[in-house]
Every structure is written in structure tokens, then in C-alpha cells.
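Trainee: The numbering of the sequence shown is the working numbering, which starts it at 1044 and goes up by one.
By construction, the Cβ of each residue, glycine as well, lies at the ideal position given by its N, Cα and C atoms.
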Amino acid sequence: MTLVALVAGSPAPSWWLIREAPLDYPDAILSLTSHERERFQETASQARQWPAATVLLAIPRVIGKYNCDACPYRIGWLESLGVPRSRIVVLTPPTENTREEIRVAAKWLEDRRLTRLLLVTSPHHTRRVRVLAAAYAGRLRLGTVACPVAGGVPTLWWTRHYDRFYVTYELAALAAGWWRHGEPPWLDYATPGRISADPRR
1044 MTLVALVAGS
1054 PAPSWWLIRE
1064 APLDYPDAIL
1074 SLTSHERERF
1084 QETASQARQW
1094 PAATVLLAIP
1104 RVIGKYNCDA
1114 CPYRIGWLES
1124 LGVPRSRIVV
1134 LTPPTENTRE
1144 EIRVAAKWLE
1154 DRRLTRLLLV
1164 TSPHHTRRVR
1174 VLAAAYAGRL
1184 RLGTVACPVA
1194 GGVPTLWWTR
1204 HYDRFYVTYE
1214 LAALAAGWWR
1224 HGEPPWLDYA
1234 TPGRISADPR
1244 R
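Structure follows, in C-alpha cells:
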């Protein structure tokens, strides 16, 4: 119990969750759907850096406070950040979770014989995104970048509501993914995905 308390009270959980892997010359940039207000600035920045890349957006089955609340105006928002409408593709079918977003984006690239996908997300989401991408994105070349967040990511993550919520949620989601879907938290791009379970299970 003491060891658990020491780990939980240290910076380790936050550091462990943040796993970036930038990718040069992506064919497409997928801005993951939830928390778009955080992620769009970085998505637009990556799009400006890689002008040949298509910007991909998914459509969630259920829209909520943190899940595509910007859906009605997100294309215009990206345009205002310098991303031409002609470079933006809204993926179908609608998705339920990050697993499905990655699978739909991977299929879009594979149908066009493209191979390089960059994923934009929030810092504490990056490890789980890498796990899911390794599991469900076939043999695409993958990268992950974290968007900046207000106030930065504090070393003492438990002192701020945003980080307490995000770290706790992501640790629980990784554990659930391992238990329910066989997605070990250490699965990464170096070990191409071998998981074929239905991600909606």
C-alpha cells in the first residue's frame, strides 16, 4: 500500500502516459475527436508544417461536452487557423471511440495506398493512442504528437483537476483495454498490431 501511495503521489504516472513520436512528411494528420479545443491549434500547426498532408476528422456517434462539441464549426475553425478546406476530409462511418477512429483513418490511407499517419492528441492520451495505433492501424508508419495544454502539464499532476482527471481516466482506460481487448499497455509501433477483436466490444 505504501508503494502504491508513493507511485501515485509521484510524477511517474504522468510521465509514463506521455509518449510522443513525431513523424516527418505524413500523408495524413488525424486530429482525434474529443477535446478539440485543445487539439486544433496543434493540428493546424502540423498541417502548416506538412502542406502535402490531408487533415482527417472523424464523426462521433454521440456528441458531448468533451466529444466533438465543435463539430458544427470545426472545418471553419481549421480554416481560420490556416488549413484550406480542400485539405480537410471528414471520415465515415461515425465512430464510437479512439479505436474506431484509428481504424477508419487507417482504412482511408490504405484505400489510397498511403502509408504515413500522424495522430494529434492531448499529452496524457498519447500512450493509449500509441497502443491502439499499434493494435489497429496495420503496418502504417505512425507518429504521435501532443498538443500544448493550458498551464502545461505539471510535475505534481494531482494538484490540478484537469491532470487528476486525465491521468486517472487514462490509467483506467489502459487497464480496461488490456483486460477487455487484449491491448497490453506496452504495445507500441515497434510491434505491429496483431489484435483482431471488434473494437466496439
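#1: Among Gly1195, Gly1194 and Ala1148, whose alpha-carbon lies nearest the alpha-carbon of Thr1158?
#2: Go to Ala1189, then tell me how far its beta strand (DSSP E) extends in each direction, as first and last residue.
#3: Is it true that the region 1212-1229 meets the region 1069-1086, where meeting means three or more beta-carbon pairs spaced less than 8 angstroms apart?
#4: Locate the beta strand (DSSP E) running through Arg1265, then write down its first and last residues.
#5: Short of 7 angstroms in beta carbon distance, which residues of its chain neighbour Ile1131, apart from the five on each side in sequence? Order them along the chain.
#6: Three-state secondary structure (DSSP) at Val1163?
#7: Can you list, in chain order, the residues of its chain with a C-beta nearer than 6 angstroms to that of Leu1046? Leave out the 5 residues immediately preceding and following it.
#8: Can you tell which of Pro1136, Thr1164, His1224 and Asn1110 has its C-alpha closest to the C-alpha of Val1192?
#9: Quick one: grab the DSSP three-state call for Thr1158.
#10: Leaving out the 5 sequence neighbours to the left and right, which residues in its chain are closer than 6 angstroms to Ala1064 when beta-carbon positions are compared?
#11: Can Glu1226 and His1167 be called in contact, C-beta distance under 8 angstroms?
#12: Between Trp1059, Ser1088, Ile1072 and Gln1084, which lies nearest to Arg1184 when the distance is taken from Cα to Cα?
#13: Give the range of the alpha helix (DSSP H) segment to which Ala1216 is assigned.
#14: So what does DSSP say about Leu1152, is it helix, strand or coil?
#15: Is Ala1178 closer than 8 angstroms to Leu1160 when the C-beta atoms are compared?
#16: Assuming the contact rule is C-beta atoms closer than 8 angstroms, Leu1124 and Ile1102 should be a hit. Round their C-beta distance to whole Å, please.
#17: Sorted by chain position, which residues of the same chain lie with C-beta nearer than 6 angstroms to Trp1200's C-beta, five sequence neighbours on each side aside?
#18: Would you kindly report the start and end of the unbroken alpha helix (DSSP H) that includes Ile1118?
#19: Whole angstroms is fine: what's the gap from Ser1088's alpha carbon to Arg1128's?
#20: Quick check on DSSP: helix, strand or coil for Ser1074?
#21: Note down, in chain order, each residue of its chain lying with its Cβ closer than 8 angstroms to the Cβ of Ser1239, except the 5 sequence neighbours on either side.
Mentor: Reading from the atomic positions:
#1: It is Ala1148.
#2: That run of the beta strand (DSSP E) goes Arg1184 to Ala1189.
#3: No: fewer than three Cβ pairs fall under 8 angstroms.
#4: Lying outside 1044 to 1244, the shown extent of the chain, residue 1265 is not represented and no answer is given.
#5: Excluding sequence neighbours, Ile1131 sits near Val1098, Leu1100, Ile1118 and Leu1121.
#6: In the structure shown, Val1163 adopts extended strand secondary structure according to DSSP, grouped into three states.
#7: Interpretation of Leu1046 is limited by its pLDDT of 32, a score under 50 that renders its predicted location unreliable; no figure is taken from the coordinates.
#8: Nearest to Val1192 by C-alpha distance, out of Pro1136, Thr1164, His1224 and Asn1110, is Thr1164.
#9: Three-state result, Thr1158: coil.
#10: For Ala1064, where only same-chain residues beyond five positions count, the Cβ hits under 6 angstroms are Gly1186 and Thr1187.
#11: No, the pair does not count as a contact, with Cβ atoms beyond the cut-off.
#12: Nearest to Arg1184 by C-alpha distance, out of Trp1059, Ser1088, Ile1072 and Gln1084, is Ile1072.
#13: Residues His1204 to His1224.
#14: Residue state, collapsed to three classes: helix.
#15: Against a cut-off of 8 angstroms, the Cβ pair of Ala1178 and Leu1160 comes out as no contact.
#16: Taking C-beta atoms under 8 angstroms as the contact rule, Leu1124 and Ile1102 fail to qualify, at a distance of about 20 angstroms.
#17: Apart from the 5 residues on each side of it in sequence, Trp1200 sits with its Cβ closer than 6 angstroms to the Cβ of Ser1057, Asp1206 and Val1210 in its chain, given in chain order.
#18: Secondary structure note for Ile1118: its alpha helix (DSSP H) is the uninterrupted segment Arg1117 to Ser1123.
#19: Going by the C-alpha atoms only, they are around 15 angstroms apart.
#20: Look at Ser1074 here: in three-state DSSP terms it is strand.
#21: In this prediction, Ser1239 has a pLDDT of 31, which is less than 50 and means its spatial position is unreliable; what the coordinates show is noted afterwards. The beta carbon of Ser1239 is closer than 8 angstroms to none in its chain, skipping five residues each way along the sequence.
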